[in-house]
Amino acid sequence: MTYRPPVEEMTFALRHVAGLDAVLAGSGTDLAPEDAAAILEEAGRFAGQVIAPLNRAGDRHGTPLADGAVTTPPGWRDAYHAFVAGGWNGVLAAPDHGGQGLPHLLAAACTEMWNGANLAFGLCPLLTAGGIEALAAHGSDDLKARYLEKLVTGEWTATMNLTEPQAGSDLSGLRTRAEPNGDGSYRITGAKIYITYGEHDLADNICHLVLARLKDAPAGTRGISLFLVPKVLPDGTRNDLRCSGIEHKLGIHASPTCSMAFGDGGGATGWLIGEENRGLACMFTMMNSARLNVGLQGVGVAEAATQKALNYARERRQGRAPGAAEPVSAIAAHADVQRMLLTMKAYTAAARGICYLTAQALDAAHGAEGRVAHDRASLLTPVAKAFSTDIANEVTSLGVQIHGGMGFVEETGAAQLMRDARILGIYEGTNGIQAIDLVTRKLPLNGGATVGAQIAAIRRVADGLLKDGHPGFGHAAPRLREGIGHLDRATGFLLKALGSNRPQEALPGATPYLRLFGLVQGAACLAQAGLASSAALKAGETDPAHAARIALARFFAENLLPAASGLEQAILTGGGFADDPAFALAG
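Take the sequence shown: its position 585, counting from 1, is numbered 585 in the UniProt record's numbering, and each next residue is one higher.
If you want it as structure tokens, here you go:
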């Protein structure tokens, strides 16, 4: 069975966790909730029926490079052209540029589906979306007129060219050069690595967004500029750039990861985006959206792994479960397999809720909430990216475990999901960098008021659990309140250390803190969904999905959230290794 988007669960989370109805009301569109549901149903159909069936074949085929050209797997060109014809490439882009202008919240759900169906395929429109956002915000009128509409429709695609062999996460060592040509264009020379979809046969043109350094530019990251360097120039001739190699990777085999050479013949032609030496500012325009999208990739692949494991566990028969009538039971009847399946499902649903909350904050930042919502989105973004991709690695690993020996071989596809997921915690800023960003930049926002408001919102969910009284929640309310206490104390500790200029006390706890934040916020998201289901049951609804949501909130709170206690201790007292010479690595 291939991936089937869980449209009903996604829609429920959109409405009852992330407030879709209010987002639509303030979006300036005529969309009603039923219109949004229709969009998601159609997106789910396309993801499940068109993109998902190409996933396994794409993994086997890869993206061979011959004579400078990359060939995508069979069926991918047709699928991409159908994707473009359906208008899916421009769901978020402004109607002025040919897009649909949908809210971030609906676009987030679509992104989850594309990547749950086929992570390698979903990367191409994800990169183009980043290019659209940067160009729309900072490009000149001429550049927008020439490139933006074709990027929005998907007729052309975009890439981000940041990394070089000596400049990965730290871009201060970047060496690619740009020199003015005297006609408004620039000559670009240099090499980039790890460029996703840097060359392919899906579209006729590829617009490379390239970070480069001008002569006499300030040292470090302050001297980096951003340029649009197209594969095909406006006059139809080929630009002086090429794919010099394809990486042979652990996963996402059907996504070409290219080494790019610019200027072998004297210099590639490019045009400045934004101002000289302000390239990183242009890149940061799209950073929240890009990192959220990677988090959604994590949700998508975790959902795919959960579906695959559940179906296998229902079919595979081994041993006799306690109390079973039959001599051999499906492994789904065994307690430990049930624990693993519930862990997969609960982590996935929690990460989905966090990502949707982040998308909602991005939408709200354009409305009455303005800066407050923008800061909330900034706070949640590193959690959405890192927590969701960490759990993608954990969930896909559990998926292999449930398949047993059949998970370790490639036949079932469980191994592919685990291989594909591994990159998600690495690209678009490693998860360690996300944790540092959360602690050193996002916690101090507004003197800690932004994180304080988010913790207060979680506390209101816990109060709602206490008032609801549904027996199905078990001990979820006290466990969530305990988790909030752990998060609150850890937050205060880190803010005090940073405020006293003692970063060495805060940084060792950054990664545990992000995990703690994700667990507590994720538990609150599941509790919100459970409370909405409890209200529906009290109103007379009989859908069994309601009881399942309540049970999932309980499982998370009682079985996964208790890790918050240990994480708090690691944050408060576990950082001594940073200064203790006994922990120093041998030279």
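Note that beta-carbon positions come from the ideal geometry of N, C-alpha and C, so glycine has one too.
Name the DSSP bridge partner or partners of residue i?
| i | result |
| --- | --- |
| Cys-258 | Ile-195, Ile-246 |
| Trp-271 | Leu-228 |
| Tyr-186 | Pro-180, Gly-270 |
| Ala-330 | Arg-317 |
| Ala-368 | In DSSP, Ala-368 forms no bridge with anything. |
| Leu-65 | Val-70 |
| Arg-291 | BP columns for Arg-291 are empty, so no partner. |
| Arg-376 | Note: Arg-376 sits in no beta bridge, so no partner. |
| Glu-164 | Ala-167 |
| Leu-241 | Phe-262 |
Going by other Cβ atoms of all chains shown within 10 Å of its Cβ, with 16 needed for buried, is residue i buried or exposed?
| i | result |
| --- | --- |
| Ala-506 | buried |
| Asn-181 | exposed |
| Glu-133 | buried |
| Gln-454 | buried |
| Glu-34 | exposed |
| Gln-521 | buried |
| residue 591 | No answer is possible for residue 591: the residues shown for the chain start at 1 and end at 587. |
| Ala-586 | Per-residue confidence for Ala-586 stands at a pLDDT of 49, beneath the threshold of 50, marking its modelled position as unreliable; no derived number is given. |
| Pro-544 | exposed |
| Gly-399 | buried |
| Asp-78 | exposed |
| Asp-96 | exposed |
| Asn-161 | buried |
| Gly-173 | exposed |
| Gly-99 | buried |
| Glu-275 | exposed |
| Gly-265 | exposed |
| Ala-85 | exposed |
| Gly-68 | exposed |
| Phe-284 | exposed |
| His-200 | buried |
| Thr-450 | buried |
| Gly-405 | exposed |
| Arg-60 | exposed |
| Ser-169 | exposed |
| Thr-573 | exposed |
Going by beta-carbon coordinates alone, are residue i and residue j separated by less than 8 Å?
| i | j | result |
| --- | --- | --- |
| Leu-531 | Leu-465 | yes |
| Leu-105 | Leu-14 | yes |
| Ser-534 | Ile-550 | yes |
| Asn-446 | Ala-386 | no |
| Thr-159 | Gly-198 | yes |
| Asn-115 | Asn-55 | no |
| Ala-302 | Thr-269 | no |
| Ala-203 | Glu-164 | no |
| Glu-558 | His-486 | no |
| Leu-519 | Ala-477 | no |
| Val-461 | Ala-524 | yes |
| Gly-139 | Ile-273 | yes |
| His-16 | Gln-360 | no |
| Leu-560 | Thr-343 | yes |
Would you grab the beta carbon distance between residue i and residue j for me? Rounded to a whole angstrom, and I think it's under 8 Å.
| i | j | result |
| --- | --- | --- |
| Asp-420 | Gly-251 | 4 Å |
| Arg-177 | Arg-213 | 6 Å |
| Gly-367 | Met-113 | Actually they are not in contact, since the Cβ atoms of Gly-367 and Met-113 sit about 26 Å apart, beyond 8 Å. |
| Asn-89 | Val-152 | 7 Å |
| Ala-333 | Ala-321 | 4 Å |
| Gln-307 | Arg-4 | 7 Å |
| Leu-135 | Leu-148 | 6 Å |
| Ala-191 | Ser-259 | 7 Å |
| Tyr-513 | Ala-456 | Rounded, the Cβ-Cβ distance is 18 Å, inconsistent with contact. |
Residue i lies in the beta strand (DSSP E); which residues open and close that run?
| i | result |
| --- | --- |
| Glu-179 | 177-180 |
| Asn-161 | 157-161 |
| Leu-211 | 206-214 |
Which stretch, first to last residue, makes up the alpha helix (DSSP H) that contains residue i?
| i | result |
| --- | --- |
| Ser-533 | 510-538 |
| Val-88 | The residue asked about is misnamed: residue 88 is Trp in this sequence, not Val. Run containing Trp-88: none; DSSP gives neither H nor E here. |
| Ser-565 | 563-573 |
| His-546 | 544-555 |
| Gln-100 | Taken as a continuous stretch (DSSP letters only), Gln-100 belongs to no alpha helix (DSSP H), as it is neither H nor E. |
| Pro-125 | 119-138 |
| His-16 | 7-16 |
| Leu-233 | Where Leu-233 is concerned, there is no enclosing alpha helix (DSSP H), given that its DSSP letter is neither H nor E. |
| Pro-444 | Element bounds for Pro-444: n/a, residue is neither H nor E. |
| Gly-46 | It should be pointed out that residue 46 corresponds to Phe in this sequence rather than to Gly. Its alpha helix (DSSP H) spans residues 33-46. |
| residue 588 | Outside the shown range of the chain, which is 1 to 587, sits residue 588, and nothing can be said about it. |
| Asn-431 | 431-437 |
| Arg-4 | From DSSP, Arg-4 is part of no alpha helix (DSSP H); its letter is neither H nor E. |
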